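>
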Amino acid sequence: MNTLSRRLPARRRSRPTDLPGIVATARLDRRTKNLTKRLAPGDIAIIDHVDLDRVSAASLISRQVSAVVNVAPSISGRYPNLGPRMLLEAGVPLIDDIGPEVFEQVKDGKLVRLDGDTLYLGEVIIAKGTVQTAESVAGDMATAEEGLADQLKAFVTNTMDYIGSESELLIDGIHAPELRTRLDGKQVLVVARGHRHKEDLQALRSYIREFKPVIIAVDGGANALMEAGYRPAIIVGDMDSVSDKALNCGAELVVHAYPNGHAPGLPRVQDLGLHSVLCPAPGTSEDVAVLLADEKGASLIVAVGMRFTLVEFLDKGRSGMASAILTRMKVGDKIVDAKGVSRLYRNRISGWALLVLALAAAVTIVVAIQFTPTGPIVFKFFGAQLDTFWYWLTGLF
0 MNTLSRRLPA
10 RRRSRPTDLP
20 GIVATARLDR
30 RTKNLTKRLA
40 PGDIAIIDHV
50 DLDRVSAASL
60 ISRQVSAVVN
70 VAPSISGRYP
80 NLGPRMLLEA
90 GVPLIDDIGP
100 EVFEQVKDGK
110 LVRLDGDTLY
120 LGEVIIAKGT
130 VQTAESVAGD
140 MATAEEGLAD
150 QLKAFVTNTM
160 DYIGSESELL
170 IDGIHAPELR
180 TRLDGKQVLV
190 VARGHRHKED
200 LQALRSYIRE
210 FKPVIIAVDG
220 GANALMEAGY
230 RPAIIVGDMD
240 SVSDKALNCG
250 AELVVHAYPN
260 GHAPGLPRVQ
270 DLGLHSVLCP
280 APGTSEDVAV
290 LLADEKGASL
300 IVAVGMRFTL
310 VEFLDKGRSG
320 MASAILTRMK
330 VGDKIVDAKG
340 VSRLYRNRIS
350 GWALLVLALA
360 AAVTIVVAIQ
370 FTPTGPIVFK
380 FFGAQLDTFW
390 YWLTGLF
């Protein structure tokens, strides 16, 4: 046989599953909030998120991603943000500082491989970053804590500047639109999709069942409410993170607009053929929901998933959270955090304790009847009734 006519064996190429690392579908978006809507379990999330906050980290964890690749540093040192630590504690690998070029080199939905600090597309190295570990995150957090005092000063300065420019909000409040839902004299539950909002809602079940507060959802908070089995009476926000199902649940829709009247979320509501009202106001949608409840005469405002601590304010950004301080100054002691309500309202006696108590009471009654003169007569009466019931029951079959 002519050796030239022999077919040379084809070079065996390694399949993706034969290669080391994580092989998965890449999902990319520069806005983490938008990306989490499209993530499926096992995906590799590629984000561009400086100072990854814990709300975003919790969303990524809930989508069961196999890894997170961050174009930017997840801890810049500006303040001790908690997102990276949460990812690592959940067992999600985190690769930092991989570079913005990845958004041009990788298309959404492509199969990629992450091996250590290196991202591959096929056999081509796309980018390299820094693998975050518990030790590296702890070191970055310690460094960030050293600069927290400077961040606090900057935050206070920014807040005072905001109060100076928006002082009419503190004095006059907002121009609340007319609503069908009556809030005057009622307790109101304002739900945002913030840190531990699911746990807060679970802890407030007894409170909601007894007091039946009017429920206002802030954007994606409507999704969280419906997942928990509740329907909001009002949805407030720019409508960018709330599902179509929630928008169609029958709640009144209040579209948050800029002070000049421009409302980016209005076209979406109109496209769905839904009625809504505009509420032009500065600040965040969370602030608008709280101020709306206050303006309409709510007696108490219970906040779920909203930011109350310094780190939470810094997580949102100084420019975004200065309005939250102003809002709380306006509302005063009418607003309380859900965690405080749940701690005050938590049942002191557990269900098991009540069951044991009931059984003990039943045994006590039986023993007491047995040792009374009429005890045998009572037992004979109940025995006869039981025989009659058993005769009737067996007759059915």
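Numbering that gives the first Met the number 0 numbers the first residue of the sequence shown as 0 and each following residue consecutively.
Think of the CB as a built atom: it goes at the ideal place given N, C-alpha and C, for glycine as much as any other residue.
Model, not experiment: these values are computed from the prediction.
For the candidate residues SER73, VAL235, GLY108, whose alpha-carbon lies nearest to that of ASP42?
Ranking the options by Cα distance to ASP42, first place goes to GLY108.
> Nearest-angstrom Cα distance between PRO83 and ALA143?
So the two alpha carbons sit approximately 13 Å from each other.
> Taking 8 Å as the threshold, find out whether the stretch 211 to 224 comes into contact with the stretch 174 to 191 through three or more Cβ pairs.
Contact holds: three or more Cβ-Cβ distances are below 8 Å.
> Excluding the 5 residues flanking ARG62 on each side, which residues of the same chain have their C-beta closer than 8 Å to its C-beta?
Once the five neighbours on either side are set aside, the close Cβ partners of ARG62 are THR35, LEU38, ALA39, PRO40, ASP42, ALA44.
> Return the CA-CA distance between TYR78 and PRO99, expressed in angstroms with no decimal places.
Rounded to whole angstroms, TYR78 to PRO99 spans 23 Å at the Cα level.
> Is the Cβ-Cβ distance between MET85 and ALA126 less than 8 Å?
Cβ atoms of MET85 and ALA126: not closer than 8 Å.
> Below 8 Å, how does it come out for the stretch 45 to 54 and the stretch 249 to 268: are there three or more Cβ pairs, yes or no?
With a cut-off of 8 Å, the stretch 249 to 268 and the stretch 45 to 54 do not count as touching, because too few Cβ pairs lie within range.
> Is it buried or exposed, LYS128, if we count other Cβ atoms within 10 angstroms and call 16 or more buried?
According to the sequence displayed, residue 128 carries Gly and not Lys. So GLY128 counts as buried.
> Along the alpha helix (DSSP H) that carries GLY279, what are the first and last residues, could you check?
One detail in the question is off: residue 279 reads as Pro in this sequence, not Gly. PRO279 -> not in any alpha helix (DSSP H); beta strand (DSSP E) instead, spanning 276 to 279.
> How close, in whole Å, do the beta carbons of ALA280 and ILE173 come, if the pair is a contact with beta carbons under 8 Å?
Correct: roughly 4 Å between the Cβ atoms.
> Let me check understanding here. Comparing Cα to Cα, which of LEU178, ALA223, THR180, ASP183 lies closest to GLU198?
Checked all of LEU178, ALA223, THR180, ASP183; the closest Cα to GLU198 is ALA223.
> Helix, strand or coil for ILE45, going by three-state DSSP, please let me know.
Strand.
> Identify every residue that forms a DSSP beta bridge with LEU120.
DSSP lists VAL123 as partners of LEU120.
> Out of ALA250, GLU294, VAL105, ALA148, point me to the one whose CA is closest to ASP183's CA.
Of the candidates ALA250, GLU294, VAL105, ALA148, the one whose C-alpha sits nearest the C-alpha of ASP183 is GLU294.
> Name the two residues that bound the continuous beta strand (DSSP E) containing HIS196.
Taken as a continuous stretch (DSSP letters only), HIS196 belongs to no beta strand (DSSP E), being part of the alpha helix (DSSP H) at 196 to 202.
> I'd like to confirm the pairing. Which residues does DSSP put opposite ASN69 in its beta bridges?
ASN69 is bridged to ILE46.
> Among residues of its own chain, excluding the 5 on either side of ALA221, which ones have a beta-carbon nearer than 6 Å to its beta-carbon?
Result list for ALA221: PRO231, ILE234, VAL241, ALA245, in chain order.
> Taking Cβ positions, are GLY118 and VAL49 nearer each other than 8 Å?
As written in the sequence, residue 118 is Leu, which differs from the Gly given in the question. Going by C-beta atoms, LEU118 is not nearer than 8 Å to VAL49.
> Looking only at C-alpha atoms, which of LYS106, VAL105, ILE124 sits nearest to ASP442?
Nothing in the structure corresponds to residue 442, since the chain is present only between 0 and 396.
> Between the stretch 263 to 271 and the stretch 297 to 305, do at least 3 Cβ pairs fall closer than 8 Å?
Verdict: no, contact absent.
> Once DSSP output is grouped into helix, strand and coil, what is the label at ILE207?
ILE207 falls in the helix class under three-state DSSP.
> Label MET0 either buried or exposed according to how many other C-beta atoms from any shown protein chain fall within 10 Å of its C-beta, with 16 as the threshold for buried.
Residue placement at MET0 is poorly supported in this model, since its pLDDT is 38, which falls under 50; the coordinates still yield a value, given next. Exposed, by the Cβ-count rule.
> In chain order, what are the residue ranges of uninterrupted beta strand (DSSP E) at least 3 long that sit wholly in the stretch 55 to 119?
Qualifying beta strand (DSSP E) stretches, in chain order: 66 to 69, 93 to 95, 110 to 114.
> If we call anything under 8 Å between Cβ atoms a contact, is ALA23 one with SER75?
Contact: no.
> What is the C-beta distance between CYS278 and ALA175, in whole angstroms, given that I count them as a contact (C-beta under 8 Å)?
About 7 Å separates the two Cβ atoms, so the contact holds.
> SER322 to ASP286, Cα distance in whole Å?
The straight-line gap from Cα to Cα measures roughly 7 Å.
> Measure the C-alpha to C-alpha separation of LEU203 and ILE97 and round it to an integer number of angstroms.
One C-alpha to the other measures close to 42 Å.
> For ARG181, tell me which candidate among ASP47, GLY296, ARG30, ASP28 has the shortest Cα-Cα distance.
Residue GLY296 is the option with its Cα nearest to ARG181.
> For THR24, which beta-bridge partners are listed by DSSP?
DSSP lists LEU110 as partners of THR24.
> Got a sec? Which residues, its chain only, sit under 7 Å from ALA288 by beta carbon, not counting five neighbours each side?
VAL189, ILE215, VAL217, VAL235.
> Quick check on the DSSP output: the beta strand (DSSP E) that includes VAL187 runs from which residue to which?
VAL187 -> beta strand (DSSP E) spans 186 to 190.
> Taking Cβ positions, are LEU291 and LYS329 nearer each other than 8 Å?
No, they are not a contact pair.
> What number of angstroms, rounded off, separates the C-alpha of MET140 from the C-alpha of LYS106?
Going by the C-alpha atoms only, they are around 33 Å apart.
> Taking the alpha-carbon positions, what's the VAL136 to THR31 distance?
The straight-line gap from Cα to Cα measures roughly 20 Å.
> What does the Cβ neighbour count give for ASN33, buried or exposed, with the cut at 16 atoms within 10 Å?
Burial call: exposed.
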